[in-house]
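Here is the structure we will look at.
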Amino acid sequence: MGNLKSLCSVATILVVITYFCFSGVVVADIDLIKSICKQSQDYDFCMTSLGTDPRSETTDVRGLAMVSASLAVIQIQDTLGRIPDIIKQTTDPVAVRRLGVCENDYDGLLGNFQNAFRATSNNAFQDTVKFVRDGAKQVVDCHDIFRKDGPIATSPIEGDDVKVFKLAELMKKQKFLAFSTKKCFWAALLLFTYTHNAGSLLSSLLSSLVLCSSAGAGSLFLCWCWFFIPLLVICSSASAGSLFLFSTEEVSGSLFLLSTT
Numbered sequence: 001m002g003n004l005k006s007l008c009s010v011a012t013i014l015v016v017i018t019y020f021c022f023s024g025v026v027v028a029d030i031d032l033i034k035s036i037c038k039q040s041q042d043y044d045f046c047m048t049s050l051g052t053d054p055r056s057e058t059t060d061v062r063g064l065a066m067v068s069a070s071l072a073v074i075q076i077q078d079t080l081g082r083i084p085d086i087i088k089q090t091t092d093p094v095a096v097r098r099l100g101v102c103e104n105d106y107d108g109l110l111g112n113f114q115n116a117f118r119a120t121s122n123n124a125f126q127d128t129v130k131f132v133r134d135g136a137k138q139v140v141d142c143h144d145i146f147r148k149d150g151p152i153a154t155s156p157i158e159g160d161d162v163k164v165f166k167l168a169e170l171m172k173k174q175k176f177l178a179f180s181t182k183k184c185f186w187a188a189l190l191l192f193t194y195t196h197n198a199g200s201l202l203s204s205l206l207s208s209l210v211l212c213s214s215a216g217a218g219s220l221f222l223c224w225c226w227f228f229i230p231l232l233v234i235c236s237s238a239s240a241g242s243l244f245l246f247s248t249e250e251v252s253g254s255l256f257l258l259s260t261t
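If you're matching positions, the sequence shown starts at 1 in the UniProt record's numbering and goes up one per residue.
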C-alpha cells in the first residue's frame with residue numbers, strides 16, 4: 001500500500017509539472033479562444049472581445065490575458081473621460097456624490113489593470129491575480145454605491161461596469177492556463193521530495209519523458225497523459241475520498257452579473 005501511495009504521488013506531481021510547464025506555450029487559435037470563452041459568464045462578449053482582436057491571432061494564452069487587460073484599460077479610460085460630463089449633466093446631489101465615488105473607483109481601477117498588464121508581461125501571475133481581484137472589487141463598489149446610502153437607482157455607467165467586470169473575469173480564467181516558470185519550479189521541487197521513495201519508478205518515468213520530448217510540447221503532453229491515465233485510475237480508486245474545490249469568486253461574479261440584468 002505504501003508503494004502504491006508513493007507511485008500515485010509521483011505520478012500526480014509529474015502530470016502537474018507537465019501541465020504547468022507546457023500548457024501555456026500553445027499559440028492561440030480560434031479553438032483555444034472558444035474553449036476559454038465557454039468557461040466565461042458571457043460567451044458572446046468573450047468572443048467579440050478576444051475573437052475579433054487582431055492581436056489574438058498571433059499570441060499565446062499569456063498574450064490573451066494581456067489583450068484582455070489592454071481592452072479593460074481602454075474601457076476604463078473611456079469611462080473616466082465621460083464621468084465628468086455625466087456629473088455636469090446631473091442635478092441630483094445624491095447621484096453626483098455616487099458618481100464621485102465611481103470616479104475615484106475607476107481611477108484606482110485604471111492603475112490596477114495597468115499593473116495587471118505589466119505583471120502578466122513579466123510572468124508575475126500571482127501579482128496579476130491580486131491586481132485583477134482588487135480591480136474587480138472596485139467595479140463592484142461603484143456598482144453597489146447606487147444601491148445604498150439613499151434611494152436605489154440605476155448607475156449611468158452600469159454598462160461600463162459590466163464590461164470591465166467581464167474583462168476581469170476573462171483574465172482570471174486565463175491565468176490558470178498561462179505558463180509560469182514559478183509553478184514549474186515548485187512542481188519540480190515537490191517531485192524531488194518524493195523521489196527517495198520511488199527511485200526505479202522515477203527512472204522509468206524520466207526515460208519516457210526523454211523519448212517523448214522530441215515530439216514537441218503538445219505531443220509530449222498527450223504522450224504523458226497516455227502513460228499516466230491507467231495509473232491515475234488506480235490511484236483514484238484507491239483514494240479514501242475526493243477533493244472538491246469551490247470558488248467563491250465565481251459565485252460572487254455570477255451574482256454581480258445577475259444584479260445588473
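We put the beta carbon where it would ideally sit given N, CA and C, even for glycine.
Between the alpha carbons of Cys102 and Ile157 lies a distance of about 9 Å. According to the DSSP assignment, Gln89 belongs to no alpha helix (DSSP H), since it is labelled neither H nor E. No residue range can be given for Ile157, since it is assigned to no alpha helix (DSSP H) and is classified by DSSP as neither H nor E.
Non-local beta-carbon contacts of Leu99 in its own chain, meaning distances under 7 Å to residues more than five positions away in sequence, involve Ile83, Ile86, Ile87, Thr90 in chain order. Asn112 is a Cβ neighbour of Asp134, given a cutoff of 7 Å. For Arg133, the enclosing alpha helix (DSSP H) stretches over residues 125-144. Here the alpha carbon of Phe117 sits roughly 18 Å from the alpha carbon of Glu57. Where Asp44 is concerned, the enclosing alpha helix (DSSP H) starts and stops at 43-46.
Sixteen is the threshold: when 16 or more other Cβ atoms of the shown chains lie within 10 Å of the Cβ of Asp105, as they do, the residue is buried. In this structure, DSSP gives Asp105 a helical state, which the three-state scheme calls helix. For Ile36, the enclosing alpha helix (DSSP H) begins and ends at 30-38.
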